[in-house]
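One structure below.
Numbering (the working numbering), first residue to last: 32 to 187.
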């Protein structure tokens, strides 16, 4: 897999983000409504990556910095967003490789902890995160109090 840094609004990123939003609609009935500004994913305060397999965009993910204390979020946190693998490429370890690259780049940018939200109807994602050392944390942002949300964190 060839992992490239791209803008959040790059055509390949948009294609994959649209696909993950459709996945949310299929599983939950609605897209993710978290406010997202593409500039939040621009270095050095964020990053968005697309992984290519044989030239085709196959996986994506990004993180954005949090530097204002909004408990349970802490200054130094990186919030992961839009980790997604195209169905035809699943089962090849691409999500785990992308997760490792997101963590590596967050550490290189001085981030101290990765935080994320995933849904109760995404057992594959939950298994990936738990097997990668992520633990439960209180809900944050639009996810606070949402019974279908699971918020997780991992020290970097």
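Glycine is no exception: its CB is placed at the ideal position from the N, C-alpha and C atoms. All of these numbers come straight from a predicted model, not from anything done at the bench.
Asked	Found
Those residues which DSSP pairs with residue 132 across a bridge	Looking at the DSSP assignment, residue 132 forms no beta bridge with any residue, so it has no partner.
Nearest candidate by alpha-carbon position, reference residue 165, set 184, 152 and 176	184
Identified DSSP bridge partners for residue 167	183
Nearest to residue 77 (by Cα), restricted to the options 148, 158, 152 and 110	110
Simplified DSSP state of residue 87, which is helix, strand or coil	strand
Three or more C-beta pairs below 8 Å linking the segment 57 to 74 and the segment 84 to 92	no
Same chain, Cβ closer than 6 Å to residue 114, five either side skipped, listed in chain order	92
Where residue 136 falls, given that 16 or more other Cβ within 10 Å makes a residue buried	buried
Proximity below 8 Å, CB of residue 149 to CB of residue 158	no
Option in 72, 180 and 81 with minimal Cα separation from residue 140	72
Reduced DSSP secondary structure (H/G/I, E/B, other) of residue 39	coil
Chain-order list of residues whose beta-carbon lies under 7 Å from that of residue 52 (same chain, five-residue window excluded)	62 and 63
Identified DSSP bridge partners for residue 146	110 and 184
C-alpha distance - residue 107 paired with residue 127, whole-angstrom precision	23 Å
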